[in-house]
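Number of protein chains: 2
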Amino acid sequence: MSVAHLFLKACFRQPTPRRPVWMMRQAGRYLPEYLATRKRAGDFLTLCKTPEMACEVTLQPIDILGVDAAILFSDILVVPEAMGMELAFETGEGPKFAAPIRSRADIDKLADPDPEVELRYVMDAIRLIRKELNGRAPLIGFTGAPWTLATYMVEGGGSKNFALIKKMAYADPQAMHRLLERVTDAVVRYLSAQVAAGAQALQIFDTWGGILSKADFLEFSLPYIARIVQGVPRVTPQGERVPVIVFVKGGGQWLEAIAGTGCDVMGLDWTVDLAEAHALVGDRVALQGNLDPCALYAPVDVIARRTRAMKAAFGSGPGHIVNLGHGILPDIPVAHARAFVQAAQEQG
Amino acid sequence: MSVAHLFLKACFRQPTPRRPVWMMRQAGRYLPEYLATRKRAGDFLTLCKTPEMACEVTLQPIDILGVDAAILFSDILVVPEAMGMELAFETGEGPKFAAPIRSRADIDKLADPDPEVELRYVMDAIRLIRKELNGRAPLIGFTGAPWTLATYMVEGGGSKNFALIKKMAYADPQAMHRLLERVTDAVVRYLSAQVAAGAQALQIFDTWGGILSKADFLEFSLPYIARIVQGVPRVTPQGERVPVIVFVKGGGQWLEAIAGTGCDVMGLDWTVDLAEAHALVGDRVALQGNLDPCALYAPVDVIARRTRAMKAAFGSGPGHIVNLGHGILPDIPVAHARAFVQAAQEQG
Numbered sequence: 001m002s003v004a005h006l007f008l009k010a011c012f013r014q015p016t017p018r019r020p021v022w023m024m025r026q027a028g029r030y031l032p033e034y035l036a037t038r039k040r041a042g043d044f045l046t047l048c049k050t051p052e053m054a055c056e057v058t059l060q061p062i063d064i065l066g067v068d069a070a071i072l073f074s075d076i077l078v079v080p081e082a083m084g085m086e087l088a089f090e091t092g093e094g095p096k097f098a099a100p101i102r103s104r105a106d107i108d109k110l111a112d113p114d115p116e117v118e119l120r121y122v123m124d125a126i127r128l129i130r131k132e133l134n135g136r137a138p139l140i141g142f143t144g145a146p147w148t149l150a151t152y153m154v155e156g157g158g159s160k161n162f163a164l165i166k167k168m169a170y171a172d173p174q175a176m177h178r179l180l181e182r183v184t185d186a187v188v189r190y191l192s193a194q195v196a197a198g199a200q201a202l203q204i205f206d207t208w209g210g211i212l213s214k215a216d217f218l219e220f221s222l223p224y225i226a227r228i229v230q231g232v233p234r235v236t237p238q239g240e241r242v243p244v245i246v247f248v249k250g251g252g253q254w255l256e257a258i259a260g261t262g263c264d265v266m267g268l269d270w271t272v273d274l275a276e277a278h279a280l281v282g283d284r285v286a287l288q289g290n291l292d293p294c295a296l297y298a299p300v301d302v303i304a305r306r307t308r309a310m311k312a313a314f315g316s317g318p319g320h321i322v323n324l325g326h327g328i329l330p331d332i333p334v335a336h337a338r339a340f341v342q343a344a345q346e347q348g
Numbered sequence: 349m350s351v352a353h354l355f356l357k358a359c360f361r362q363p364t365p366r367r368p369v370w371m372m373r374q375a376g377r378y379l380p381e382y383l384a385t386r387k388r389a390g391d392f393l394t395l396c397k398t399p400e401m402a403c404e405v406t407l408q409p410i411d412i413l414g415v416d417a418a419i420l421f422s423d424i425l426v427v428p429e430a431m432g433m434e435l436a437f438e439t440g441e442g443p444k445f446a447a448p449i450r451s452r453a454d455i456d457k458l459a460d461p462d463p464e465v466e467l468r469y470v471m472d473a474i475r476l477i478r479k480e481l482n483g484r485a486p487l488i489g490f491t492g493a494p495w496t497l498a499t500y501m502v503e504g505g506g507s508k509n510f511a512l513i514k515k516m517a518y519a520d521p522q523a524m525h526r527l528l529e530r531v532t533d534a535v536v537r538y539l540s541a542q543v544a545a546g547a548q549a550l551q552i553f554d555t556w557g558g559i560l561s562k563a564d565f566l567e568f569s570l571p572y573i574a575r576i577v578q579g580v581p582r583v584t585p586q587g588e589r590v591p592v593i594v595f596v597k598g599g600g601q602w603l604e605a606i607a608g609t610g611c612d613v614m615g616l617d618w619t620v621d622l623a624e625a626h627a628l629v630g631d632r633v634a635l636q637g638n639l640d641p642c643a644l645y646a647p648v649d650v651i652a653r654r655t656r657a658m659k660a661a662f663g664s665g666p667g668h669i670v671n672l673g674h675g676i677l678p679d680i681p682v683a684h685a686r687a688f689v690q691a692a693q694e695q696g
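Quick note, the sequences are listed as chains A and B, same order.
Going by the numbering used here, the first residue of the first sequence is number 1, and it counts up by one from there.
Going by the numbering used here, the first residue of the second sequence is number 349, and it counts up by one from there.
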């Protein structure tokens, strides 16, 4: 069975001879080969916007670690940028928008991007990656969830307390919903274009869903995720089913609600008890995760033991895609990432 | 009925004519009166270590906002400092330990402080506060949970990924447990001295319990919290019952386990659905919380509406202490804090 089939079958909870594994941020700074390409690119956005280089780093973890799926190398913030927001990645500071959203007028000024025009470089990268992968592994496309994208658009970058986005959401919910609707529309078009270009699975990252109360998550984040799950094509132009993965960091208390969006796979952060999650929703969706990314700081024997314990917690049924509970950290030794992948790929 | 009785009765799930309210970090930078005292003190640690000034800021929210309980003004890191770790609060950077714990030898060098000697200034503050309060409101003493204190002791200060403490916990769990045992012993003596000095309730803050997986929380944090709950005096020298409150930020997935420590009250962060939590554990413990601290950025009518909705979510039974889901933020207008307190104190 090809590895492509292994990952996709697990997404649909079909039996597989072993569990597939990939890592969030697997094309990243812990790999010397990534750092070399990144240095050649000069800056992060150039790396995202040059299909040949985006393709190169997307394939690196496949070749170096033998993971069972490739994920498009890009950044969730290219969508707000394509909507007209000037974006910069300052060294050591993370992403910054030059003019964050602060009013209804700012929302009305946003553009409705055509993914094959303003985000053409992403679609070109997907087409090139599919060609270079040549069936070795399936390609996952992705997006940020509308709430997460809106958070960056309103805060202007990273945030400690999320005061600005919450002030907007609580004080002017109508404006908040207007912004979320605009972003959702752009995301549905973006993911539809990704599938047309060759993405074989889609992941929605809600990095900041977990900063909300349940009532606010159900008002400001989940309905827009559901609209995306229900709005994107679930089949490739060649007629293969496209699974949708929803990952809400900090969403462990709302698994029932997330499973109800109609997604095929739920990504879990490491705070979720995998046995309890499987018991709760395992018949409806596959589960992806969820080793603590910091476990990869431990010696390789501890990494292997903890990875096996995580697999044992899920249990023996189909529908488990092994992954970390969040992105791999930049200072993890490659040998430690390899120990994780190897333990994940053991039979059982 | 005195306000003292109101708060303590609610902690023991006894009926009260209205719900009591206080705010985590209520003696803090959002109050101009606090800033004035802090300026007079010169630096944060001097404020903690001068009983007259600690007393002054402890009483400010009682006088200014009319909250129903006072909480000792201090910092959780005075315990590791009393164990021999040099501590500094650098402006805008938060707390820093000059020589963080990095080895078993560092753990063995820690002292076993006598609270009436090395932490005498805390006990003097408690005695003075009780005198100045004169029965107007009960006084809550507090500590950091051992896992949270160990996190600061090993990381040396704040952290993004908690790489160092997790590396110790995962790679050398025996050393980790040795450190946690030493801290637990110091904390039990510290809280016992607080009760002897006049604290009428105790809160254990596990700020960083939520960064762990459930298995790791059950191994490295919860047993030490339970040992404290079971090790401290549950009655004052005058024979009044002393309730113990356990607050684990990010602990919403583990409420059953936390309630099982034998605590009287469980503090909830704002991500927890109060109705679900009450249904789950409400017969065993009282619940404290849990408005999103960022809700206080909204206009006062929204604050009142959200506070009433939170009270309605808990429902009509006894045992609800209204609070925020985390500390009040420094840039909240005092009028907004007042709107929260007033809505909390409405009948119903």
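Glycine residues also receive a C-beta, built at the ideal position from the N, C-alpha and C atoms.
Residue span of the alpha helix (DSSP H) that contains residue i, given as start and end
{"i": "Thr-385/B", "result": "380 to 389"}
{"i": "Phe-314/A", "result": "300 to 314"}
{"i": "Glu-529/B", "result": "521 to 545"}
{"i": "Gln-26/A", "result": "No alpha helix (DSSP H) holds Gln-26/A; DSSP gives it neither H nor E."}
{"i": "Lys-457/B", "result": "It is not in any alpha helix (DSSP H) - Lys-457/B carries neither H nor E in the DSSP assignment."}
{"i": "Ala-473/B", "result": "468 to 481"}
Close-in-space but distant-in-sequence residues of the same chain around residue i (CB under 8 Å, 5 per side omitted)
{"i": "Ile-129/A", "result": "Ala-54, Cys-55, Thr-58, Leu-59, Ala-70, Leu-72, Leu-139 and Gly-198"}
{"i": "Val-580/B", "result": "Val-536, Leu-539, Ser-540, Val-543, Leu-550, Val-590 and Val-592"}
{"i": "Gly-673/B", "result": "Leu-616, Asp-617, Trp-618, Thr-619, Val-620, Gly-637, Asn-638, Leu-639, Asp-640 and Pro-641"}
{"i": "Glu-86/A", "result": "Phe-97, Ala-98 and Ala-99"}
Cβ-based burial, residue i [other Cβ within 10 Å; buried from 16]
{"i": "Glu-438/B", "result": "exposed"}
{"i": "Glu-441/B", "result": "exposed"}
{"i": "Phe-490/B", "result": "buried"}
{"i": "Asn-134/A", "result": "exposed"}
{"i": "Arg-654/B", "result": "buried"}
{"i": "Ala-683/B", "result": "exposed"}
Range of the contiguous beta strand (DSSP E) that encloses residue i
{"i": "Asp-554/B", "result": "549 to 554"}
{"i": "Leu-435/B", "result": "435 to 438"}
{"i": "Met-266/A", "result": "265 to 267"}
{"i": "Ile-669/B", "result": "668 to 672"}
{"i": "Phe-220/A", "result": "Counting along the chain, Phe-220/A falls outside any beta strand (DSSP E), and DSSP gives it neither H nor E."}
Contact set between residue i and chain A, taken where Cβ atoms lie within less than 8 Å
{"i": "Gly-600/B", "result": "Gly-252 and Gln-253"}
Partner residues on chain A for residue i, Cβ-Cβ distance less than 7 Å
{"i": "Phe-553/B", "result": "Simply none; closest approach about 18 Å."}
{"i": "Ser-561/B", "result": "Trp-270, Thr-271 and Asp-292"}
{"i": "Lys-444/B", "result": "Result: empty, since nearest Cβ-Cβ is about 18 Å, beyond 7 Å."}
Residues that residue i contacts on chain E, provided the C-beta gap is smaller than 8 Å
{"i": "Ala-511/B", "result": "As a matter of chain content, chain E is missing from the structure shown, whose protein chains are A and B."}
Own chain, CB closer than 6 Å to residue i, minus 5 neighbours either side, in chain order
{"i": "Gly-144/A", "result": "Ile-76 and Phe-205"}
{"i": "Met-1/A", "result": "For Met-1/A, the predicted model reports a pLDDT of 42, less than 50, meaning its position is unreliable; a value from the coordinates is still stated below. Hits under 6 Å: none found."}
{"i": "Pro-463/B", "result": "Arg-537, Tyr-538 and Ala-541"}
{"i": "Gly-675/B", "result": "Met-372 and Arg-373"}
{"i": "Ala-275/A", "result": "Ala-313"}
{"i": "Phe-392/B", "result": "Phe-437"}
{"i": "Asp-527/B", "result": "Position check: residue 527/B holds Leu in this sequence, whereas Asp was assumed. Once the five neighbours on either side are set aside, the close Cβ partners of Leu-527/B are Ile-455 and Ala-498."}
{"i": "Gln-200/A", "result": "Pro-138 and Leu-139"}
{"i": "Ile-669/B", "result": "Ala-358, Pro-368 and Gln-636"}
{"i": "Ala-111/A", "result": "Met-83 and Gly-84"}
Own chain, CB closer than 7 Å to residue i, minus 5 neighbours either side, in chain order
{"i": "Glu-480/B", "result": "Cys-403 and Leu-407"}
{"i": "Ala-82/A", "result": "Pro-113, Glu-118 and Leu-119"}
{"i": "Arg-29/A", "result": "Leu-35 and Pro-330"}
{"i": "Thr-236/A", "result": "Val-195, Gln-200 and Val-242"}
{"i": "Ile-165/A", "result": "Ala-150, Thr-151, Val-154 and Glu-155"}
Partner residues on chain B for residue i, Cβ-Cβ distance less than 7 Å
{"i": "Val-302/A", "result": "Tyr-518 and Ala-519"}
{"i": "Lys-167/A", "result": "Tyr-645 and Ala-646"}
Interface partners of residue i on chain B, CB under 8 Å
{"i": "Gly-210/A", "result": "Thr-619"}
request  = Output, in sequence order along the chain, the residues in the segment 375 to 388 of chain B whose CB is closer than 7 Å to any CB in chain A.
outcome  = Nothing from the segment 375 to 388 of chain B brings a Cβ to less than 7 Å from some Cβ of chain A.
message = Tell me which residues of the segment 307 to 327 of chain A have at least one Cβ-Cβ distance to chain B shorter than 7 Å, keeping chain order.
response = So the list is empty, because no residue satisfies the distance condition.
ask   = Got a sec: which bits of the segment 479 to 490 of chain B sit with their beta carbon under 9 Å from any beta carbon on chain A, in order along the chain?
value = Residues passing the 9 Å Cβ filter: none.
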